[in-house]
Amino acid sequence: AQSVTQLGSHVSVSEGALVLLRCNYSSSVPPYLFWYVQYPNQGLQLLLKYTSAATLVKGINGFEAEFKKSETSFHLTKPSAHMSDAAEYFCAVRAGANNLFFGTGTRLTVIP
Amino acid sequence: SAVISQKPSRDICQRGTSLTIQCQVDSQVTMMFWYRQQPGQSLTLIATANQGSEATYESGFVIDKFPISRPNLTFSTLTVSNMSPEDSSIYLCSVSGTANTEAFFGQGTRLTVV
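Just so you know, the protein sequences line up as chains A and B, in that order.
Residue 61 in this note's numbering sits at position 43 of the first sequence, and the numbers go up by one each step.
Residue 495 in this note's numbering sits at position 82 of the second sequence, and the numbers go up by one each step.
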């Protein structure tokens, strides 16, 4: 079985500050991990993915995430928040199944 | 990548009626999925749409309520039957290739049942 836990349903940061969105996974087999972003009234857009290659993964819009097996984590970071980063972020895992299992999401607010 | 067209984008329906949502992909894909996103919540898998056979439903979802068709490798429909206000959600179509590739999502269908 696999699951994802996102700590913090809401995160607020000031514009220009570091963004850190937390994701921990549970999986009995090596996982594939994904971060998606959802802007209001839109579908999901892939930010980045981990598929057992490099543990530090760079994605679009300046985001990156590091896969840490020892901590079963895949936290999403961005050095400097921009107003346009305000959105809902979902961590997802696929392990031993075809479909994705999603976390509960983290709503990011950027304060000017 | 895959481009997914989902129709309708939104609808307001009367309780007791049914709505069929269409998902069209611009290329042949192996796996197609239907998710539900209830207001303010995450995505929950409804079912895997299998080409040429009955869909595989997740726990809590049944074929009588959410019949699914997948006549070919580029198209699927999800019907929400005998709707109630509790069915008000965003319904998303998703496709993917192999296990190590990302899933692509349609824009979603925002359903309101009154």
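Cβ atoms here follow ideal geometry from the backbone N, Cα and C, with glycine treated the same way.
Quantities reported herein were computed from a predicted structural model and do not represent experimental measurements.
Under 7 Å between beta-carbons, which chain A residues line up against residue i? List them in chain order, please.
i      : result
B/F479 : Correct list: empty, because the minimum Cβ distance to chain A is about 15 Å.
B/F518 : G61 and L62
State the CB to CB distance for the pair residue i and residue j, rounded to an integer number of angstroms; the pair is presumed to be in contact (CB under 8 Å).
i      : j      : result
B/A460 : B/F474 : 6 Å
B/S415 : B/F488 : In the sequence as displayed, the identity of residue 415 of chain B is Ala instead of Ser. No, B/A415 and B/F488 are not in contact; Cβ-Cβ is about 13 Å, not under 8 Å.
A/V22  : A/Y43  : 5 Å
B/L486 : B/V442 : 6 Å
A/T73  : A/F81  : That belief does not hold up - the Cβ atoms of A/T73 and A/F81 are roughly 15 Å apart, past 8 Å.
B/I476 : B/L491 : Going by Cβ atoms, the distance from B/I476 to B/L491 rounds to 11 Å, so no, they are not a contact pair.
B/S455 : A/G123 : 5 Å
DSSP beta-bridge partners for residue i?
i      : result
A/C41  : According to DSSP, which records beta bridges pairwise, A/C41 is partnered with nothing at all.
A/Y50  : A/R112
A/T95  : A/L38 and A/E82
A/E106 : A/Q56 and A/R125
B/A516 : B/S509
B/M445 : B/A462 and B/V508
B/Q437 : B/S418 and B/F488
A/L64  : A/Y54
A/V31  : A/V128
A/V22  : A/Y43
B/Q454 : Bridge partners of B/Q454: none, in fact.
B/L432 : B/V493
A/V75  : A/A83
In chain A, what lies closer than 9 Å to residue i by C-beta?
i      : result
B/L432 : Residues of chain A passing the Cβ test: none, with the nearest at roughly 18 Å.
Give the interface partners of residue i over in chain A, defined as CB-CB distance under 8 Å, in chain order.
i      : result
B/G429 : What B/G429 touches in chain A: nothing, since even the nearest Cβ is about 27 Å away.
B/G521 : Q60 and G61
B/L505 : G61 and L62
- Query: In the region 108 to 130 of chain A, which residues sit with their C-beta less than 7 Å from some C-beta in chain B, listed in chain order?
  - Reply: F108, R112, N116, N117, L118, F120, G121, T122 and G123
- Within 7 Å of chain B by C-beta, residues of the region 43 to 54 of chain A in sequence order: Y50 and F52
- Using a Cβ-Cβ cut-off of less than 9 Å, list which residues of the region 441 to 471 of chain B approach chain A; keep chain order. T443, M444, F446, Y448, Q450, G453, Q454, S455, L456, T457, L458, T461 and E471
- Item | Those runs of the beta strand (DSSP E) which lie wholly inside the region 469 to 509 of chain B and span at least 3 residues | 481 to 485, 488 to 493 and 502 to 509
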